[in-house]
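Single-structure report; data block below.
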Amino acid sequence: MNNLHFTLITDGSSDRVLIHHLRWMLRRRLGPLAAIQLQWADLRSLREKPRNLAEKIRVSLELYPCDLLFVHRDAENPNPEPRLREITDAVNASGTLTPVVPVVPIRMSEAWLLFDERAVRQAAGNPNGCMPLSLPVRNPERIPNPKALLRNTLKTASGLSGRRLRQFRTASAVYRVAECIDDFSQLQGLAAFNALCKRIDHVVQTQSW
49 MNNLHFTLIT
59 DGSSDRVLIH
69 HLRWMLRRRL
79 GPLAAIQLQW
89 ADLRSLREKP
99 RNLAEKIRVS
109 LELYPCDLLF
119 VHRDAENPNP
129 EPRLREITDA
139 VNASGTLTPV
149 VPVVPIRMSE
159 AWLLFDERAV
169 RQAAGNPNGC
179 MPLSLPVRNP
189 ERIPNPKALL
199 RNTLKTASGL
209 SGRRLRQFRT
219 ASAVYRVAEC
229 IDDFSQLQGL
239 AAFNALCKRI
249 DHVVQTQSW
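For what it's worth, our numbering labels the leading residue of the sequence shown as 49, then goes sequentially.
Here it is as structure tokens:
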């Protein structure tokens, strides 16, 4: 198998945590020895920012060429269909011939991190803490604001208080949660996660990778 390059476009920089979910999915489908290069399209330093998603796709493919492009948009409600249509329309408008897979977590990408208590405690810098965290969350797709819940849970897990808690870097800790997770199979009960797995399976089969 040749070296395969994958690029992820996200709503914002915090959503780059999805790199870890996608790498796990690709390894699951292509095998642990597959030569996978997965990169996040970081467009923050551009002087002229893309005006819409179609432009974002074109610019990302110029700067981060790949064999397969992942385009992320948070659903922000229980129905992912509007976001899926938005991505499809943007892909068509961009004119790209590169295969594209939509990545649409229900509500927010942080919902896909609320299942691993060990990872949260490690990311909070207090792996041996014993304060209750109410993890894993049974139905994370039903939580109105999973980002706030994850950040508050990390603060609790840190065991910090006062000035040290105010200095706690929650954004970095959120990314660290994803880094600390080796197995995302517990998310396979979630409809949006399963749908993404099926899209990846379909593209891998279609491309004969």
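Idealized CB from N, CA, C, for every residue including glycine.
- Give me the Cα-Cα distance between Y223 and T58, rounded to the nearest whole angstrom. Computed Cα separation, rounded: 14 Å.
- Query: What is the rounded straight-line gap between the Cα of S220 and the Cα of I154?
  - Reply: Going by the C-alpha atoms only, they are around 22 Å apart.
- Query: The beta strand (DSSP E) with I57 in it runs from where to where?
  - Reply: 52 to 57
- Task: Answer yes or no: do L52 and I84 have a C-beta to C-beta separation smaller than 8 Å?
- Result: Yes, these two residues count as a Cβ contact at 8 Å.
- Task: Would you mind working out which of M156, W160, E103 sits nearest I135, comparing C-alpha positions?
- Result: Of the candidates M156, W160, E103, the one whose C-alpha sits nearest the C-alpha of I135 is E103.
- Item | Of the residues K246, L91, S182, the one placed nearest T201, counting alpha carbons only | S182
- Excluding the 5 residues preceding and the 5 following T236 in the sequence, name in chain order all residues of the same chain whose CB lies nearer than 8 Å to its CB. Contrary to the premise, residue 236 reads as Gln rather than Thr in this sequence. Excluding residues within five positions, the ones whose Cβ falls inside 8 Å are N242, C245.
- Query: Which of the three DSSP states, helix, strand or coil, is assigned to Q234?
  - Reply: helix
- Query: With distances taken from CA atoms, which of S206, L197, V139 is nearest P175?
  - Reply: S206
- Message: For a quick check, are the C-beta atoms of T144 and A89 less than 8 Å apart?
- Response: T144 is not a Cβ neighbour of A89, given a cutoff of 8 Å.
- Message: Assuming contact is defined by CB atoms lying nearer than 8 Å, are L238 and L197 in contact in what I supplied?
- Response: no
- Query: Comparing alpha-carbon positions, which option in D122, R199, R217, F118 lies nearest V139?
  - Reply: Residue F118 is the option with its Cα nearest to V139.
- Item | Proximity to R214 [Cα-Cα], best of R199, C228, V225 | R199
- Task: Within the same chain, show all residues whose beta-carbon is closer than 8 Å to that of F61, passing over the 5 residues directly before and after it, in chain order.
- Result: For the record, residue 61 in the displayed sequence is Ser; it is not Phe. Closer than 8 Å at Cβ, skipping near neighbours: D90, R92.
- Query: Is it true that the CB of P184 sits closer than 8 Å to the CB of Q234?
  - Reply: Yes; because the gap between Cβ atoms is below 8 Å, this pair is in contact.
- Sequence-distant residues of the same chain with beta carbon closer than 6 Å to A123, five excluded per side: Excluding residues within five positions, the ones whose Cβ falls inside 6 Å are R131, V152, I154.
- Comparing alpha-carbon positions, which option in A159, E96, L94 lies nearest D63? Answer by Cα proximity: A159.
- Item | CA-to-CA distance, N125 to P80, given in whole angstroms | If you draw a straight line from the Cα of P80 to the Cα of N125, it is about 34 Å long.
- What is the DSSP secondary structure of P98, counted as helix, strand or coil? coil
- Just curious, the beta strand (DSSP E) that W257 is in, first and last residue? Run containing W257: none; DSSP gives neither H nor E here.
- Message: Could you check whether L86 and L70 sit closer than 8 Å to each other, using their CB atoms as the reference points?
- Response: In this structure, L70 places its C-beta atom within 8 Å of the C-beta atom of L86.
- Nearest-angstrom Cα separation, counted from V65 out to W72: 12 Å
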